[in-house]
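In the UniProt record's numbering, the protein residues as written are 1 to 380. No residue lacks a Cβ here, since even glycine has one placed at the ideal position from N, Cα and C. In this text, all values refer to a predicted model and were calculated from it rather than measured experimentally. Before any comments, here is the structure.
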Amino acid sequence: MNHGFETLAIHAGQDPEARTGAVIPPIYQTSTYAQDAVGAPRQGYEYSRSGNPTRDALQECLAALEGGPVGLAFASGLAAEDTLLRTVCTPGDHVVIPDDAYGGTYRLFARVAERWGLAYTPAKVSDPDAVRAVIRPGSTKIVWVETPTNPLLGIADIAALAAVAHDAGALLVVDNTFASPYLQQPIAHGADVVVHSTTKYVGGHSDVVGGALIAADTGLGDELRYHQNAMGAINGPFDAWLTLRGIKTLGVRMDRHCDNAERIAAYLEGHAKVGQVIYPGLPSHPGHEVAAKQMRRFGGMISFRAAGGEEHAVQICNRAKLFVLAESLGGVESLIEHPGRMTHASAAGSPLEVPGDLVRLSVGIETVDDLLADLEQALG
1 MNHGFETLAI HAGQDPEART GAVIPPIYQT STYAQDAVGA PRQGYEYSRS GNPTRDALQE
61 CLAALEGGPV GLAFASGLAA EDTLLRTVCT PGDHVVIPDD AYGGTYRLFA RVAERWGLAY
121 TPAKVSDPDA VRAVIRPGST KIVWVETPTN PLLGIADIAA LAAVAHDAGA LLVVDNTFAS
181 PYLQQPIAHG ADVVVHSTTK YVGGHSDVVG GALIAADTGL GDELRYHQNA MGAINGPFDA
241 WLTLRGIKTL GVRMDRHCDN AERIAAYLEG HAKVGQVIYP GLPSHPGHEV AAKQMRRFGG
301 MISFRAAGGE EHAVQICNRA KLFVLAESLG GVESLIEHPG RMTHASAAGS PLEVPGDLVR
361 LSVGIETVDD LLADLEQALG
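Okay, here's the thing in structure tokens:
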């Protein structure tokens with residue numbers, strides 16, 4: 001039977017515990033397991049880096065939500081990204097990345113992977129021709145996409161980029177953190193691997209750090225699983241349990257995030273002290289039609305440019321009260337940040353440097369009129 005998203009979020013990988021009937025899967029807070037005989041681990045469990053029932057429940061649920069056969073959970077989104085790169089690539093290979101990628105992803109490529117011999121080229125992922133133009137035949141192994149991108153909320157046509165990548169013999173990797181699997185399922189549009197920082201919308205409560213990979217192909221999934229164990233940056237059992245707890249309400253949370261963001265984007269677009277509003281749900285967004293084609297709704301992230309320039313943008317962030325000045329995103333509480341000085345400071349001076357007048361909002365699920373009043377006073 002094919003179940004709906006909300007049903008999978010609550011039940012996939014989460015059958016009642018066999019011995020007691022506990023409805024919520026237990027936290028298997030153990031490092032090792034008794035074996036029935038030498039070479040005969042019970043149900044395959046021997047050491048929790050290699051396998052843990054709580055993490056397995058999360059991994060099964062993530063795979064079901066993204067529509068892939070293999071899901072893997074990691075200590076953070078960047079741990080997932082690093083494992084993926086070192087599974088698929090070798091020194092001398094090349095990757096195409098977004099020209100406005102998350103600052104941590106850029107840092108991983110520019111400060112870590114490049115030293116290992118992995119080349120990268122930024123490209124405008126909203127333009128398939130721009131991506132095609134920078135592919136290096138024979139050496140490009142991955143086309144890496146965020147959609148929406150962080151923090152400029154660019155939209156990439158997943159199906160079009162899958163065709164570009166596959167024509168070049170490369171994999172299409174989609175960071176789906178901003179959308180969440182509730183709003184967008186990249187594998188259904190041709191992606192080979194989906195990446196998540198489960199810290200964000202998937203966990204949803206700003207109380208746990210984690211990451212995930214979901215593979216569209218079982219063979220690639222098995223390779224990733226081998227490297228997950230070999231490299232060891234796994235999600236601990238309590239973190240896996242917290243993430244599963246958050247997933248159960250993902251659908252209803254995302255609907256409220258979207259409701260609030262739509263109201264706030266419309267308000268900001270009409271405000272004299274806002275120069276530009278960047279939100280895929282607005283018809284003024286250049287990627288609006290593509291987003292409408294591949295997303296259920298348009299998400300809870302909004303970026304805008306302060307009409308008064310960089311200092312005005314900083315003042316807005318400092319004056320906000322309900323919008324908490326903090327990095328990260330995707331929790332039930334609203335957050336505000338200045339990307340140029342916070343999440344994307346590592347991209348300063350690079351082709352990925354973000355505008356100084358940019359403010360990024362992670363719109364929470366509070367009463368929207370309270371959020372609008374907070375922004376009104378913060379804009380000054």
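- Considering only Ser139, Tyr226 and Ala212, the residue with the shortest C-alpha distance to Asp239 is Ala212.
- Taken in chain order, the complete alpha helix (DSSP H) segments of 4 residues or longer contained in the region 242-299 are 250-269 and 288-294.
- Residue state for Ile27 is assigned as coil, using DSSP reduced to three classes.
- Per DSSP, the unbroken beta strand (DSSP E) holding His94 starts and ends at His94 to Pro98.
- In terms of Cα proximity to Asp15, the closest of Pro53, Ile155 and Leu335 is Pro53.
- Per DSSP, the beta-bridge partners of Ala306 are Val274.
- Taken in chain order, the complete beta strand (DSSP E) segments of 3 or more residues contained in the region 98-146 are 119-123 and 140-146.
- Across the set Thr199, Ser206, Glu223 and Ala291, the C-alpha of Glu223 shows the shortest separation from the C-alpha of Val193.
- For Phe5, the enclosing alpha helix (DSSP H) covers residues Phe5 to His11.
- Per the C-alpha coordinates, the member of Val143, Gln185, Arg136 and Gly51 positioned closest to Ala63 is Gln185.
- By the beta-carbon neighbour count (other beta carbons within 10 angstroms, threshold 16), Tyr279 is buried.
- For Arg341, the three-state secondary structure derived from DSSP is coil.
- Non-local beta-carbon contacts of Lys141 in its own chain, meaning distances under 6 Å to residues more than five positions away in sequence, involve Val88, Cys89, Asp93 and Ala170 in chain order.
- In terms of Cβ geometry, Gly380 and Gly356 do not form a close pair [threshold 8 Å].
- Residue pairing from DSSP leaves Asp370 without any beta-bridge partner.
- In the structure shown, Leu361 falls within a strand segment according to DSSP collapsed to helix, strand and coil.
- In this structure, the beta-carbon distance from Ile365 to His257 falls below 8 Å.
- Relative to Ser76, the option among Val70, Pro69 and Leu84 whose CA is nearest is Leu84.
- The beta carbon of Phe304 is closer than 6 Å to those of Leu268, Val274, Val277 and Val359 in its chain, skipping five residues each way along the sequence.
- Counting every other CB atom within 10 Å of its CB across the protein chains shown gives Pro351 a total below 16, marking it as exposed.
- Non-local beta-carbon contacts of Ala347 in its own chain, meaning distances under 6 Å to residues more than five positions away in sequence, involve Gly103, Tyr106 and Glu353 in chain order.
- For Val208 against Thr199, the beta-carbon gap comes to about 7 Å, under 8 Å, which counts as contact.
- Taking a C-beta distance under 8 Å as the contact criterion, Ala57 and Leu250 do not qualify as a contact pair.
- Per DSSP, Gln185 lies in no beta strand (DSSP E) and is assigned neither H nor E.
- Here the C-alpha atom of Leu325 lies approximately 28 Å from the C-alpha atom of Asp82.
- Between Ala272 and the set Ala373, Arg263, Asp259 and Ala306, the nearest pair of CA atoms involves Ala306.
- Annotation: the region 200-243 contains the following complete segments of the beta strand (DSSP E) (minimum length 3 residues), in chain order: 211-215.
- Closest option to Ala179, judged by alpha-carbon separation, among Val145, His227 and Val164: Val145.
- Leaving aside the five residues that flank Pro181 on each side, the residues in its chain whose CB is nearer than 6 Å to its CB run, in chain order, Leu65 and Glu66.
- Residues Lys200, Tyr201, Gly204 and Ser362 of the same chain have their beta carbon placed closer than 7 Å to that of Gly330, with the five preceding and five following residues left out of the count.
- An exposed status is given to Tyr226, since fewer than 16 other beta-carbon atoms sit within 10 Å of its beta-carbon.
- Asp157: not part of any beta strand (DSSP E); DSSP gives it neither H nor E.
- Its Cα nearest to that of Leu8, the residue Gln59 stands out among Gly44, Ala165, Ala160 and Gln59.
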